[in-house]
Amino acid sequence: MIKIENLHKYFHDFHVLKGVNLEIKRNEVVVLIGPSGSGKSTLLRCMNFLEMKDKGVLLIDDQLIDSDKKKLHKVRENIGMVFQHFNLFPHKTVLENVIEAPVHVKKMKKEDCIKIAHQLLEKVGLADKADVYPDKLSGGQKQRVAIARALAMKPEVMLFDEPTSALDPELVGEVLQVMKELANEGMTMIIVTHEMSFAREVADRVFFLDQGVIIEQGTPNELFDHPKHEKVQQFLRHVL
Amino acid sequence: MITLLYVKIFIYLENSLDTKRKVVVKIDKFINSFIQTFNGFVGATGMTLKLTIISLIMACFIGLIVALMKLSSNSFLNWLAVIYIGAIRGTPLILQIMWLYFGITHIIVLSAFWAGSIALAIHNGAYIAEIFRGAIQSIDKGQMEAAKSLGMTNSLAMRRIILPQALKRAIPALGNQFIIGLKDSSLVAFIGITEIFNLSMSEAAATFRQLEFYSIAGIYYLVLILIFTFIINKIEKKLDTGRR
Ligand SMILES: Nc1ncnc2c1ncn2[C@@H]1O[C@H](COP(=O)(O)OP(=O)(O)O)[C@@H](O)[C@H]1O
Ligand SMILES: [Mg+2]
Numbered sequence: 001m002i003k004i005e006n007l008h009k010y011f012h013d014f015h016v017l018k019g020v021n022l023e024i025k026r027n028e029v030v031v032l033i034g035p036s037g038s039g040k041s042t043l044l045r046c047m048n049f050l051e052m053k054d055k056g057v058l059l060i061d062d063q064l065i066d067s068d069k070k071k072l073h074k075v076r077e078n079i080g081m082v083f084q085h086f087n088l089f090p091h092k093t094v095l096e097n098v099i100e101a102p103v104h105v106k107k108m109k110k111e112d113c114i115k116i117a118h119q120l121l122e123k124v125g126l127a128d129k130a131d132v133y134p135d136k137l138s139g140g141q142k143q144r145v146a147i148a149r150a151l152a153m154k155p156e157v158m159l160f161d162e163p164t165s166a167l168d169p170e171l172v173g174e175v176l177q178v179m180k181e182l183a184n185e186g187m188t189m190i191i192v193t194h195e196m197s198f199a200r201e202v203a204d205r206v207f208f209l210d211q212g213v214i215i216e217q218g219t220p221n222e223l224f225d226h227p228k229h230e231k232v233q234q235f236l237r238h239v240l
Numbered sequence: 001m002i003t004l005l006y007v008k009i010f011i012y013l014e015n016s017l018d019t020k021r022k023v024v025v026k027i028d029k030f031i032n033s034f035i036q037t038f039n040g041f042v043g044a045t046g047m048t049l050k051l052t053i054i055s056l057i058m059a060c061f062i063g064l065i066v067a068l069m070k071l072s073s074n075s076f077l078n079w080l081a082v083i084y085i086g087a088i089r090g091t092p093l094i095l096q097i098m099w100l101y102f103g104i105t106h107i108i109v110l111s112a113f114w115a116g117s118i119a120l121a122i123h124n125g126a127y128i129a130e131i132f133r134g135a136i137q138s139i140d141k142g143q144m145e146a147a148k149s150l151g152m153t154n155s156l157a158m159r160r161i162i163l164p165q166a167l168k169r170a171i172p173a174l175g176n177q178f179i180i181g182l183k184d185s186s187l188v189a190f191i192g193i194t195e196i197f198n199l200s201m202s203e204a205a206a207t208f209r210q211l212e213f214y215s216i217a218g219i220y221y222l223v224l225i226l227i228f229t230f231i232i233n234k235i236e237k238k239l240d241t242g243r244r
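These protein sequence lines map, in sequence, to chains A and B. Residue numbers for the first sequence follow UniProt numbering, beginning at 1 and rising by one. Residue numbers for the second sequence follow UniProt numbering, beginning at 1 and rising by one.
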């Protein structure tokens with residue numbers, strides 16, 4: 001459902017993505033790994049146009065997405081994103097965070113949104129926190145709210161950029177658990193993570209990005225147990 | 001005992017005849033003058049308040065619009081905002097007041113009150129624009145990104161997510177600017193608006209009791225500013241409960 005061909009991205013003179021090709025099918029869970037600074041976040045952010053690609057083609061559901069600024073917000077409605085630092089809206093309660101976009105972007109009836117929001121909060125295990133402000137939540141709880149907030153838009157694909165990297169180790173599990181459930185329900189997901197055992201468990205395919213190029217890809221089994229590329233072997237020795 | 005009740009303040013003024021005149025202000029005389037001019041000063045205080053409130057409300061609108069212009073990606077709007085802020089900060093307020101009241105009378109004739117209010121609004125607007133711009137820029141970039149990732153347009157994200165947080169963050173600096181604005185309203189005395197400072201000037205001129213009447217004016221300003229400060233603190237506290 002997402003197809004990327006020969007994607008290039010520069011920050012001024014710095015060539016971050018050097019011709020990335022990638023195809024993700026519906027209901028697929030894809031994990032993106034690679035060393036820090038290799039361009040994983042940039043690649044993810046190009047998919048929902050938080051960064052503008054400089055060259056290449058991006059197709060969503062076989063539709064060519066050009067960088068027409070007037071329509072980008074429409075494209076983003078269908079692409080949920082979860083950030084490393086949560087980015088919850090601090091001036092809104094948990095419930096208000098979750099209903100904000102459905103009410104004001106999709107213009108759905110507020111009562112319907114509240115009902116859906118309560119279901120989503122239940123699903124991420126935070127039914128009792130609906131009326132709390134984000135600063136009263138732990139990191140793991142914040143991230144689960146952020147997931148519920150993204151899901152409230154009923155996106156067709158979810159992007160996760162190191163969703164557990166900012167968490168205390170004991171809070172990582174609760175977030176990964178929610179993500180596993182999502183994967184089991186058939187959500188299409190693209191995940192950047194350093195949690196290798198989680199990647200092995202949920203991923204259909206794993207991509208290894210190095211210096212702006214995907215140098216290896218395969219099933220978790222292929223990539224984790226029989227990496228071909230020297231750099232991948234090195235990286236895995238380091239993190240495992 | 002009774003002499004202890006007198007507050008004696010001595011000021012030596014050179015007068016035109018080169019002799020030294022001793023001015024003594026006694027507390028009972030002071031209180032008398034205060035009471036005698038009370039009605040007049042209450043009216044003048046009302047005028048100061050009216051001017052300040054009307055001009056600051058306009059200034060906040062100007063400030064918000066100019067801040068957004070300065071932050072927009074449209075270089076023409078940028079440029080307009082930079083010129084406006086530069087021109088206002090680069091010239092004295094008294095000049096701006098005179099310019100609006102006397103300077104452009106052949107284009108548009110404004111009453112003293114509106115010339116004064118608009119001058120104060122334009123003046124404070126430039127400073128408030130910078131306060132708003134700083135507050136908006138201080139909001140974490142992740143907020144705008146999260147809003148966009150949920151499908152919000154730039155303007156919706158600004159209105160629903162960024163501005164509410166930025167305005168709250170701007171309140172201490174805004175309060176400070178309001179107090180400056182209130183005090184600066186005294187300069188419209190020079191286009192003949194009877195506010196606190198103007199009244200104290202004419203009372204002083206009529207009676208030659210300068211010290212007395214400028215002190216009385218000071219008391220009215222002080223009381224107004226104490227009330228302003230109290231209200232601003234209340235608002236700050238109220239917005240602070242339970243939220244970041
Ligand atoms: N907005 C930006 N401006 C300039 N350089 C950037 C910007 N964002 C990222 N970079 C640079 O691009 C490279 C890739 O960054 P990123 O995509 O965040 O890597 P990763 O997520 O794999 O760690 C890094 O070297 C980073 O410093
Ligand atoms: Mg990153």
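Glycine is no exception: its CB is placed at the ideal position from the N, C-alpha and C atoms. In this text the structure is predicted, and so the values were computed from the model without any measurement.
**Request:** Sort Asp161(A), Leu121(A), Glu28(A) and His104(A) by Cα distance to Gly39(A) and report the nearest one.
**Result:** To locate residue 39(A), count along the first sequence from 1; it is residue 39. For the options Asp161(A), Leu121(A), Glu28(A) and His104(A), the alpha carbon positioned closest to that of Gly39(A) is the one of Asp161(A).
**Prompt:** DSSP state of Ile79(A), grouped into three classes?
**Reply:** Position 79 of the first sequence, counted from the start, is the residue given in the question as residue 79(A). Note: Ile79(A) maps to strand in three-state DSSP.
**Asked** From what residue to what residue does the alpha helix (DSSP H) around Arg133(B) run?
**Response** Within the second sequence, the letter at position 133 stands for residue 133(B). Segment Ala112 to Gln137, the alpha helix (DSSP H) holding Arg133(B).
**Message:** Using a Cβ-Cβ cutoff of 7 angstroms, what residues of the region 122-154 of chain B are near chain A? List them in chain order.
**Reply:** Going along the region 122-154 of chain B in chain order, one finds Gly142, Gln143, Glu145, Ala146, Lys148, Ser149, Leu150, Gly151, Met152 and Thr153 with a Cβ nearer than 7 angstroms to chain A.
**Asked** When you check each C-beta in the region 72-98 of chain B against every C-beta of chain A, which residues fall closer than 9 angstroms?
**Response** none
**Asked** Hey, Ile190(A) and Leu159(A): beta-carbon distance below 8 angstroms or not?
**Response** Stepping through the first sequence from its first residue, residue 190(A) is reached at position 190. Stepping through the first sequence from its first residue, residue 159(A) is reached at position 159. Cβ distance < 8 angstroms, so Ile190(A) and Leu159(A) count as in contact.
**Request:** Check the Cβ-Cβ distances between Leu156(B) and every residue of chain A, and say whether any is below 8 angstroms.
**Result:** Residue 156(B) sits at position 156 when you count from the first residue of the second sequence. Yes, contact with chain A.
**Prompt:** Any Cβ of chain B within less than 8 angstroms of the Cβ of Pro220(A)?
**Reply:** Position 220 of the first sequence holds residue 220(A). False, the Cβ-Cβ gap to chain B never drops below 8 angstroms.
**Message:** According to DSSP, is Thr188(A) part of a helix, a strand, or is it coil?
**Reply:** For the purposes of this step, residue 188(A) is identified with residue 188 of the first sequence, where counting begins at 1. Strand, per DSSP.
**Prompt:** Cα-Cα, which of Ser165(A), Ile99(A), Asp204(A) and Gly19(A) is closest to Gly186(A)?
**Reply:** Taking the first residue of the first sequence as 1, we reach residue 186(A) at position 186. If we check each option's Cα against that of Gly186(A), Asp204(A) comes out closest.
**Message:** Counting only C-beta atoms, is Ala101(A) closer than 8 angstroms to chain B at any point?
**Reply:** Residue 101(A) sits at position 101 when you count from the first residue of the first sequence. Yes - at least one Cβ of chain B is within 8 angstroms of the one on Ala101(A).
**Request:** In the DSSP assignment, find the unbroken alpha helix (DSSP H) run with Tyr221(B) in it and report its ends.
**Result:** As a first step, residue 221(B) is located in the second sequence; it is residue number 221 there, counting from the start. First-last of the alpha helix (DSSP H) with Tyr221(B): Gln210 to Asp240.
**Request:** Compare the C-beta of Glu77(A) against all C-beta atoms of chain B and say whether one is closer than 8 angstroms.
**Result:** Along the first sequence, one-based indexing puts residue 77(A) at 77. Chain B, which has a Cβ nearer than 8 angstroms to the Cβ of Glu77(A), makes this yes.
**Request:** Would you list the one or two residues that DSSP bridges to Val20(A)?
**Result:** As a first step, residue 20(A) must be located in the first sequence, where it is residue number 20. Paired residue(s): Leu7(A).
**Item:** Exposure label - Met47(B); buried when at least 16 CB within 10 Å
**Value:** For the purposes of this step, residue 47(B) is taken as the residue at position 47 of the second sequence. Buried, since its Cβ has 16 or more Cβ neighbours within 10 Å.
**Prompt:** So with Cβ pairs under 8 angstroms, would you call Pro172(B) a contact of chain A?
**Reply:** The residue given as residue 172(B) occupies position 172 in the second sequence. Taking Cβ atoms only, chain A never reaches closer than 8 angstroms to Pro172(B), which makes this a no.
**Neighbourhood of ligand 1 [Cβ distance below 5 angstroms to any heavy atom], ordered by chain position** = Phe11(A), Val16(A), Ser36(A), Gly37(A), Ser38(A), Gly39(A), Lys40(A), Ser41(A) and Thr42(A)
**Item:** CA-to-CA distance, Ser33(B) to Ile27(B), given in whole angstroms
**Value:** Here residue 27(B) is taken as the residue at index 27 of the second sequence, counted from 1. Here residue 33(B) is taken as the residue at index 33 of the second sequence, counted from 1. For Ile27(B) and Ser33(B), the distance between alpha carbons rounds to 10 angstroms.
**Item:** Any non-hydrogen atom of ligand 2 closer than 7 angstroms to Glu162(A) Cβ
**Value:** Here the question's residue 162(A) lines up with position 162 in the first sequence. Yes - ligand 2 has a heavy atom lying nearer than 7 angstroms to the Cβ of Glu162(A).
**Prompt:** Do Phe178(B) and Phe113(B) come within 8 angstroms of each other at the CB atom, strictly closer than that value?
**Reply:** Against the second sequence, residue 113(B) aligns to sequence position 113. Against the second sequence, residue 178(B) aligns to sequence position 178. No. Outside cutoff.
**Prompt:** Going by DSSP, which residues form a beta bridge with Gly218(A)?
**Reply:** Numbered from its first residue, the first sequence carries residue 218(A) at position 218. Gly218(A) pairs with Val206(A).
**Prompt:** What is the DSSP secondary structure of Lys55(A), counted as helix, strand or coil?
**Reply:** Taking the first sequence and counting its residues from 1, one reaches residue 55(A) at position 55. Three-state DSSP puts Lys55(A) in a strand.
**Asked** Quick one, which of Ala81(B), Gly116(B), Ser73(B) and Ser111(B) has its alpha-carbon nearest Leu93(B)'s?
**Response** Within the second sequence, the letter at position 93 stands for residue 93(B). That would be Gly116(B), whose Cα lies nearest to the Cα of Leu93(B).
**Request:** Measuring alpha carbon to alpha carbon, tell me which of Thr37(B), Phe41(B), Phe30(B) and Ile57(B) ends up nearest Ala121(B).
**Result:** Stepping through the second sequence from its first residue, residue 121(B) is reached at position 121. Comparing Cα positions, the closest option is Ile57(B).
**Item:** Buried versus exposed, by CB contacts within 10 Å (16 or more), Arg144(A)
**Value:** Sequence index remark: in the first sequence, residue 144(A) carries index 144 (1-based). When all chains shown are included, Arg144(A) counts as buried.
**Item:** Sequence-distant residues of its chain with Cβ nearer than 6 angstroms to Val103(A) (five each side left out)
**Value:** The residue given as residue 103(A) occupies position 103 in the first sequence. Closer than 6 angstroms at Cβ, skipping near neighbours: Lys110 and Cys113.
**Request:** Would you mind sorting Ala205(B) into buried or exposed? The rule is 16 or more other CB atoms within 10 Å of its CB.
**Result:** Locating residue 205(B) in the second sequence gives position 205, where the first residue counts as 1. So Ala205(B) ends up on the exposed side.
**Message:** Tell me the DSSP secondary structure of Asp61(A) in three-state form.
**Reply:** The residue labelled residue 61(A) in the question sits at position 61 within the first sequence. In this structure, Asp61(A) counts as coil in the three-state DSSP scheme.
**Asked** Is any beta-carbon of chain A found at less than 8 angstroms from that of Ile161(B)?
**Response** Counted from its first residue, the second sequence places residue 161(B) at position 161. Closer than 8 angstroms: yes.
**Prompt:** Nearest to residue 265(A) by alpha carbon, out of Lys123(A), Tyr133(A), Val94(A) and Lys107(A)?
**Reply:** A question about residue 265(A) goes unanswered here, because the residues of chain A that appear run from 1 up to 240.
**Item:** Backbone CA spacing between Ser16(B) and Arg209(B) [nearest angstrom]
**Value:** For the purposes of this step, residue 16(B) is taken as residue 16 along the second sequence, with counting starting at 1. For the purposes of this step, residue 209(B) is taken as residue 209 along the second sequence, with counting starting at 1. Only weak support is given to the placement of Ser16(B): the predicted model assigns it a pLDDT of 41, under 50, and the question is left unresolved by the model.
**Simplified DSSP state of Leu17(B), which is helix, strand or coil** = If you number the second sequence from 1, residue 17(B) lands on position 17. Because the pLDDT of Leu17(B) is 43, which lies under 50, any placement of that residue in the model is unreliable, and the question is left without a value.
**Beta-carbon proximity of Thr188(A) to Asn27(A), cut-off 8 angstroms** = Position 188 of the first sequence, counting from 1, holds the residue named residue 188(A). Position 27 of the first sequence, counting from 1, holds the residue named residue 27(A). Result yes, Cβ atoms of Thr188(A) and Asn27(A) sit closer than 8 angstroms.
**Asked** Once you ignore the five residues that flank Leu7(A) on each side, which residues in its own chain have a CB closer than 6 angstroms to its CB?
**Response** Here the question's residue 7(A) lines up with position 7 in the first sequence. Only Leu17, Val20, Lys53 and Gly56 meet the Cβ criterion.
**Request:** For the beta strand (DSSP E) containing Phe160(A), list its first residue and its last residue.
**Result:** Here residue 160(A) refers to the residue found at position 160 when the first sequence is read from its first residue. Run containing Phe160(A): Val157 to Asp161, per the beta strand (DSSP E) assignment.
**Request:** State the start and end residues of the unbroken beta strand (DSSP E) segment that holds Leu32(A).
**Result:** Position 32 of the first sequence, counted from the first residue, corresponds to residue 32(A). Counting along the chain, the beta strand (DSSP E) containing Leu32(A) begins and ends at Val29 to Ile33.
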